[in-house]
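S.K.:
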Amino acid sequence: RNRLFGAIMKGNPEELEGLEDYLRRTHKFLTDTEYTDGITGKTCLMKAVLNPKDGLNPTIPLLLEIDKRTGNSPALIRAECKGYYKGHTALHIAIEKRDCNLVKLLVENDADVHAKACGLFFQQQNKGACFYFGELPLSLAACTNQPDILRYLLDNPHQKARLDERDSLGNTVFHALVMVANDTEKNTELVIRMYDELLREGARINPTLKMEEITNKEGLTPIKLAAKIGKILQHILRREIKDPSLRHLSRKFTEWTYGPVHVSLYDLSAIDSYEENSVLEILAYSSDTPNRYNMVVLEPMNKLLEQKWNGFAAKRFCASFFCYLAFMAIFTIVAYYRPLDGKPPFPISFTAGDILILIGQIVVLTGGVYLMIAQVWHTRPHKKVTLFLSLSCSYRLVQSLVLPLSAIMYLAGSEEYVSLMVLSLLLGWVDLLYYTRGFRQTGIYIVMIQKAILRNLLCFLIVYAIFLFGFTIALIILTGEASLPAQNESLQLNSSSSGSGGSNSKDQPIYSGLFRTSLALFRFTIGMGDLEFHENMQRKYFVMVLLLLFVILTYILLLNMLIALMTETVNNVSGSSQRIWKLQRAIAILEIEKNWFRCWKHSPRSGCLLSVGSEGKKDERWFLRIVLSLPSRKNDMARWIPNLVPCIIQRSGSCQELVSELCCFSLFHPNHFSYLSCLLDCKQEDRDFLFISCLGCLFWCKSRVKMLPIN
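Residues are numbered in this note's numbering as their position in the sequence shown, beginning at 1, plus a constant of 12.
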């Protein structure tokens, strides 16, 4: 084996003379274990491909010929590595070496174009050095930007590679391209170009194959995977192919343009939450999705969410808010006017007040059961929720569970029902913050609070708890009172308290008991501690050093670090707070849309159903019509008008038609908004700007073309 590998690595076919005769005499093949690497399973052919000499290792044709003559073909060329490089073949190596001629030679000799390199080295989850490219040779050629090899694998006369072939994860070549994309401009450009090239090739080879609807083992199509990992989603959403024969591959269609106005149709397939596991749901509920705050404001998601909010979600949200507010008001009144004398359950006297309290209790209990069912519905196991959303759902679920439990304890005669009732009441009022996401100002403010809590306050509390516990134990042991729990009842928290027992309290130790000592140290943290010492305290100077060190670490260091980190968090979040709030509102919209009480009646679907099939082929999809943003600078008026009006004149052909076309723009004015507003769903400032632009167009035309008077 060493002699064989040495000759191959040198690229010297003369040293392989007699190899064929030796194999025939011994009835062995080049794929036998004695001629392969014992650890990785690499064959002599793989070694030859790995060590090219001036483009092609001259031993490769000889090895293929020997393997064929010994009757072992195509075992050598299809041999796979094992272990860490499991599934890796000579064809993979040739593609990685970017040698198109060698790839052709291997494919002509019956290499497997669907071999899957699925070892740990080729898995993306591997923590060590790894390279995931989709396992398949076609995916490797696409991910390494080799269009020549890509076309050959798809079109060769020996064994054509299939675009719908999947790897061990269920990923196609399109999934693989999405996964290898990164945030660099050059990489993104290469991936986008290769992605579109594969779409065109697929439409040419198999026009009926819907390549972007193939799902992997996680149930994700390429566009859903792009949304989950935050790569090239914007390009996929805005892909527009001008070629009429391939126009059905587009997800964006420019419907018409009129000067500065561009109206486009965006494909809602796999995006709208009307479908299961949609892009909107992935962006809203996947906590591991990077850049989702930026992706949720991309078109058509931004306009789609706006349309849902204005169409039905805002009304349902407000109705839910007022119902919940009324529920909490009734809950508060019932808790405040609860009977104080006697033991539960209290007898009912049929007075007006008691009857109202009874009705309130029934309403509160019914509402609690409804909240419990709703929270169980919202926290179904298949949803992947964000960290804050999971925390929010957790305490809302706790609130909904504690309230019925409090009612059960009340009926059982336990006075502890009050504690559970108060806990549920407190969580209920805190849960009212959920409804702030419906309003921009309060929503952004709550977003900043959430980020400060999750990023800074939790870390501060963990570090502070460690310091507090350590110094508490040290002080208890130093003062020698850890073994005297009986003194805890007679000790006062503040050694400087006044009264008849004040003189005796100075002779009593302060740091006795875990709870009392922790509370005393906490007072130092908030600047309310007292450094006065007892004269008879043992090691009082060392205790003073410990207290001063605790004050320095917590009151001076930790608190100021917390303030600085919170300031940094607010500054960082403020730049993207608008997008984060839109994500929060998107979650609210989806929760309203998927409400268990309304699950039997679907909300009206957004967009319109249109056919984009070519040559009589039926291809109906749901589209959302969107107007592109208009220029907002004043000097754009002088730039647009001279170019806009001659174009209109040329298209219209007559002054009467010109007036009709120009006047249609005046419908964008807020007082006469009827036709194009519904068509374009544009913003208020866009309508105002367009109305002013059209008036300018009319006056410009009136000075150059004889037109009818405009009233």
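Note that CB positions come from ideal geometry on N, CA and C, so glycine has one too.
Below 6 Å CB to CB, which residues in the same chain sit around Ala419 once its five sequence neighbours on both sides are set aside?
M.R.: Taking the sequence shown and counting its residues from 1, the one referred to as residue 419 is at position 407. Cβ neighbours of Ala419 beyond the five flanking positions: Leu377.
S.K.: Are the CB atoms of Pro357 and Leu432 nearer to each other than 7 Å?
M.R.: Taking the first residue of the sequence shown as 1, we reach residue 357 at position 345. Taking the first residue of the sequence shown as 1, we reach residue 432 at position 420. No, they are not a contact pair.
S.K.: May I ask you to list the residues that DSSP assigns as paired with Leu277?
M.R.: What you label residue 277 is simply residue 265 of the sequence shown in a count that begins at 1. The partner list for Leu277 (beta bridge, DSSP) reads Phe265, Arg637.
S.K.: Where do the N-terminal and C-terminal ends of the alpha helix (DSSP H) with Ser530 fall, by residue?
M.R.: Position 518 of the sequence shown, counting from 1, holds the residue named residue 530. Looking at the DSSP string, the run of the alpha helix (DSSP H) that includes Ser530 is 526–537.
S.K.: Where do the ends of the alpha helix (DSSP H) carrying Leu114 lie?
M.R.: Your numbering for residue 114 matches position 102 in the sequence shown. Start and end: 112–120.
S.K.: Got a sec? Which residues, its chain only, sit under 6 Å from Ala247 by beta carbon, not counting five neighbours each side?
M.R.: Along the sequence shown, one-based indexing puts residue 247 at 235. Note that residue 247 is His in the sequence shown here, rather than Ala. Once the five neighbours on either side are set aside, the close Cβ partners of His247 are Ile204.
S.K.: With H, G and I counted as helix, E and B as strand and the rest as coil, what does DSSP make of Cys471?
M.R.: As a working mapping, residue 471 is identified with position 459 in the sequence shown. In this structure, Cys471 counts as helix in the three-state DSSP scheme.
S.K.: How far does the beta strand (DSSP E) with Cys620 in it extend, from its first residue to its last?
M.R.: The sequence position of residue 620 within the sequence shown is 608, counting from 1. Note, Cys620: beta strand (DSSP E), 620–623.
S.K.: To the nearest angstrom, how far is the alpha carbon of Met307 from that of Cys130?
M.R.: Here the question's residue 307 lines up with position 295 in the sequence shown. Here the question's residue 130 lines up with position 118 in the sequence shown. Whole-angstrom Cα-Cα distance: 31 Å.
S.K.: Assign Ser524 to one of two classes, buried (16 or more other C-beta atoms within 10 Å of its C-beta) or exposed (fewer than that).
M.R.: If you number the sequence shown from 1, residue 524 lands on position 512. Burial call: buried.
S.K.: Reducing DSSP to helix, strand and coil, say where Glu46 ends up.
M.R.: Position 34 of the sequence shown, counted from the first residue, corresponds to residue 46. Of the three classes helix, strand and coil, the one that applies to Glu46 here is helix, per DSSP.
S.K.: Figure out for me which residue from Gln596, Leu571, Ile564 has the closest Cα to the Cα of Ile451.
M.R.: What you label residue 451 is simply residue 439 of the sequence shown in a count that begins at 1. As written in the sequence, residue 451 is Phe, which differs from the Ile given in the question. Answer by Cα proximity: Gln596.
S.K.: Going by the beta-carbon positions, is the gap between Glu32 and Ile78 smaller than 7 Å?
M.R.: Taking the first residue of the sequence shown as 1, we reach residue 32 at position 20. Taking the first residue of the sequence shown as 1, we reach residue 78 at position 66. Their beta carbons are under 7 Å apart, which means Glu32 touches Ile78 by this criterion.
S.K.: Which stretch, first to last residue, makes up the alpha helix (DSSP H) that contains Val442?
M.R.: Along the sequence shown, one-based indexing puts residue 442 at 430. Start and end: 429–442.
S.K.: Count the other C-beta atoms from every protein chain shown that fall within 10 angstroms of the C-beta of Asn583, then say buried if there are 16 or more, exposed otherwise.
M.R.: What you label residue 583 is simply residue 571 of the sequence shown in a count that begins at 1. Exposed, by the Cβ-count rule.
S.K.: Let me check one thing: in DSSP terms, what residues is Ile407 bridge-paired to?
M.R.: Here residue 407 refers to the residue found at position 395 when the sequence shown is read from its first residue. Correcting the residue type first, residue 407 is Tyr in the shown sequence and not Ile. Tyr407 is not bridged to any residue.
S.K.: Which value, in whole angstroms, describes the spacing of the CA atoms of Gly379 and Leu317?
M.R.: As a first step, residue 379 must be located in the sequence shown, where it is residue number 367. As a first step, residue 317 must be located in the sequence shown, where it is residue number 305. Cα-Cα distance, rounded: 29 Å.
S.K.: Ala193 and Lys243 - do their beta-carbons sit closer together than 7 Å?
M.R.: Translated into positions along the sequence shown, residue 243 becomes position 231. Translated into positions along the sequence shown, residue 193 becomes position 181. Yes. Within cutoff.
S.K.: Just verifying my parser: in three-state terms, what is the DSSP assignment at Glu318?
M.R.: Here the question's residue 318 lines up with position 306 in the sequence shown. In the structure shown, Glu318 sits in a helix (DSSP, three-state: H, G or I).
S.K.: Evaluate the contact criterion for the region 328–342 versus the region 447–467: three or more CB pairs, one atom per stretch, below 8 Å.
M.R.: In short, these stretches touch, since the Cβ pair count reaches three.
S.K.: Under a three-way DSSP split, which group does Tyr144 fall into?
M.R.: Counting from one through the sequence shown, the residue named residue 144 turns up at place 132. In the structure shown, Tyr144 sits in coil (DSSP, three-state: anything other than H, G, I, E or B).
S.K.: Determine the DSSP secondary structure at Tyr270, reduced to helix, strand or coil.
M.R.: What you label residue 270 is simply residue 258 of the sequence shown in a count that begins at 1. Strand at Tyr270.
S.K.: Excluding sequence positions up to five away, which residues of its chain have a Cβ less than 6 Å from the Cβ of Lys22?
M.R.: What you label residue 22 is simply residue 10 of the sequence shown in a count that begins at 1. No residues qualify anywhere along the chain.
S.K.: Below 6 Å CB to CB, which residues in the same chain sit around Glu252 once its five sequence neighbours on both sides are set aside?
M.R.: Taking the first residue of the sequence shown as position 1, residue 252 is located at position 240. The answer, listed in chain order, is Ser262, Lys264.
S.K.: Ignore the nearest five residues each way along the sequence and tell me which others in Ser257's own chain have a CB closer than 6 Å to its CB.
M.R.: Counting from 1 along the sequence shown, the entry for residue 257 is found at position 245. Nothing listed; no residue qualifies.
S.K.: Out of Gln590, Lys630, Val624, Asn14, state which residue places its alpha-carbon closest to the alpha-carbon of Arg304.
M.R.: One-based indexing of the sequence shown puts residue 304 at position 292. For Arg304, the nearest C-alpha among the options comes from Gln590.
S.K.: What number of angstroms, rounded off, separates the C-alpha of Ile241 from the C-alpha of Val291?
M.R.: Taking the first residue of the sequence shown as 1, we reach residue 241 at position 229. Taking the first residue of the sequence shown as 1, we reach residue 291 at position 279. So the two alpha carbons sit approximately 11 Å from each other.
S.K.: Please confirm if Ser623 has its CB atom under 7 Å from at least one CB of chain C.
M.R.: The structure shown contains no chain C; it holds only a single protein chain.
S.K.: Excluding sequence positions up to five away, which residues of its chain have a Cβ less than 8 Å from the Cβ of Ile72?
M.R.: The residue labelled residue 72 in the question sits at position 60 within the sequence shown. Contacts found: Leu57, Ala60, Val61, Leu114, Leu117.
S.K.: Whole angstroms is fine: what's the gap from Lys222's alpha carbon to Gly231's?
M.R.: In the sequence shown, the residue the question calls residue 222 occupies position 210. In the sequence shown, the residue the question calls residue 231 occupies position 219. Those two C-alpha atoms are separated by around 15 Å.
S.K.: Write down the C-beta distance between Glu311 and Leu249 rounded to the nearest angstrom, noting that I regard them as a contact closer than 8 Å.
M.R.: Numbered from 1 along the sequence shown, position 299 holds the residue referred to as residue 311. Numbered from 1 along the sequence shown, position 237 holds the residue referred to as residue 249. Contact holds; Cβ gap of about 7 Å.
S.K.: With distances taken Cα to Cα, identify the nearest neighbour of Ser586 among Met460, Gly50, His39.
M.R.: Sequence index remark: in the sequence shown, residue 586 carries index 574 (1-based). It is Met460.
S.K.: Looking only at its chain, what residues have a beta carbon closer than 8 Å to the beta carbon of Tyr164, apart from the 5 residues adjacent to it on each side?
M.R.: Here residue 164 refers to the residue found at position 152 of the sequence shown. Correct list, in chain order: Cys112, Val115, Lys116, Val119.
S.K.: Would you mind sorting Arg637 into buried or exposed? The rule is 16 or more other CB atoms within 10 Å of its CB.
M.R.: On the sequence shown, position 625 is the one that residue 637 refers to. Buried, by the Cβ-count rule.
S.K.: Less than 7 Å separating the beta-carbons of Phe472 and Phe562?
M.R.: Counting from one through the sequence shown, the residue named residue 472 turns up at place 460. Counting from one through the sequence shown, the residue named residue 562 turns up at place 550. It is not a contact, given that the beta carbons lie outside the stated cut-off.
S.K.: With distances taken between CB atoms, is the gap from Leu280 to Trp634 smaller than 7 Å?
M.R.: Indexing the sequence shown from 1 puts residue 280 at position 268. Indexing the sequence shown from 1 puts residue 634 at position 622. Contact: yes.
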